[in-house]
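A short worksheet on the structure shown next.
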Amino acid sequence: MTVAGVAGVEKVAPYLNEAQFDIVFASTLQRAYKTAKILTKGKKKIIKDSRLLELRMGTWKKDVEYADCFNQLGDVQSNYVKFADGAESFAEIKARCQSFLADLKQNHAGQTVLVAVHGILLRAMMSVIFDQEMNDITNLKNVGFIEVYFDEKYEFKPFLRNYNSTLPQYYGRKRI
329 MTVAGVAGVE
339 KVAPYLNEAQ
349 FDIVFASTLQ
359 RAYKTAKILT
369 KGKKKIIKDS
379 RLLELRMGTW
389 KKDVEYADCF
399 NQLGDVQSNY
409 VKFADGAESF
419 AEIKARCQSF
429 LADLKQNHAG
439 QTVLVAVHGI
449 LLRAMMSVIF
459 DQEMNDITNL
469 KNVGFIEVYF
479 DEKYEFKPFL
489 RNYNSTLPQY
499 YGRKRI
């Protein structure tokens with residue numbers, strides 16, 4: 329995690345009410361774990377889950393320009409795999425998200441969950457939750473918040489409360 333990344337998370341951490349979270353998950357990569365640790369002020373146990381790892385991009389070289397692999401907003405698209413040996417496809421990362429979300433539904437229904445992960449994985453997760461193509465979901469800002477509510481009364485229908493915000497809206501502390 330970069331110095332700027334730490335500073336960004338430390339800036340928003342006071343606005344997140346860690347007491348509202350019943351359970352916290354993070355990718356096994358250090359930057360996601362550290363993000364969760366800072367956001368929860370070290371007061372919550374963080375469960376590392378390898379299904380939350382960022383997209384494995386194989387031999388993809390980010391410094392080489394492949395214009396047809398990005399949309400007009402600069403988001404990598406599913407066809408990037410034709411330029412990257414050993415790369416994980418969007419279908420594969422979505423399968424990891426489906427597995428994780430199924431476990432959440434089975435084991436943590438009715439709980440408030442914080443998940444600290446990476447940008448493309450978040451696109452995959454939103455794709456699964458809202459049954460959309462990943463190519464149609466935009467990248468998030470660094471230290472961006474997404475808040476989704478699953479309503480048990482309506483068969484766990486997802487409601488998007490906040491997307492790509494720099495501060496939590498529903499699970500935050502009151503701002504003065």
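Per our numbering, the sequence shown starts with residue 329, numbered consecutively. Cβ coordinates follow ideal geometry from the N, Cα and C atoms, glycine included.
Helix, strand or coil at Glu338 according to DSSP, with G and I counted as helix: One-based indexing of the sequence shown puts residue 338 at position 10. Reduced to three states, the DSSP call for Glu338 is helix.
Could you work out which residue in Gly402, Met385, Cys425 and Leu432 is closest to Phe411 when comparing CA atoms only? Here the question's residue 411 lines up with position 83 in the sequence shown. Out of Gly402, Met385, Cys425 and Leu432, Met385 has the C-alpha closest to the C-alpha of Phe411.
Contact defined as beta carbons within less than 8 Å: I believe Ile448 pairs with Val404. What is the distance between those atoms, to the nearest angstrom? Here residue 448 refers to the residue found at position 120 of the sequence shown. Here residue 404 refers to the residue found at position 76 of the sequence shown. 7 Å between Cβ atoms; contact.
Do Phe428 and Arg379 come within 9 Å of each other at the CB atom, strictly closer than that value? Within the sequence shown, the letter at position 51 stands for residue 379. Within the sequence shown, the letter at position 100 stands for residue 428. A contact, by the Cβ cut-off of 9 Å.
Where Glu346 falls: helix, strand or coil (DSSP): As a working mapping, residue 346 is identified with position 18 in the sequence shown. Here Glu346 sits in helix by DSSP.
When we look at the beta-carbon of Gly336 and count the other beta-carbons within 10 Å, is it buried (16 or more) or exposed? Within the sequence shown, residue 336 is the residue found at index 8, counting from 1. Under this definition Gly336 is a buried residue.
Give me, in chain order, the residues of the same chain whose beta-carbon lies closer than 8 Å to that of Asn492; leave out the 5 immediate sequence neighbours on both sides. Locating residue 492 in the sequence shown gives position 164, counting from the first residue. So the list reads Thr466, Leu468, Lys469, Gly472, Phe473 and Ile474, once near-sequence residues are dropped.
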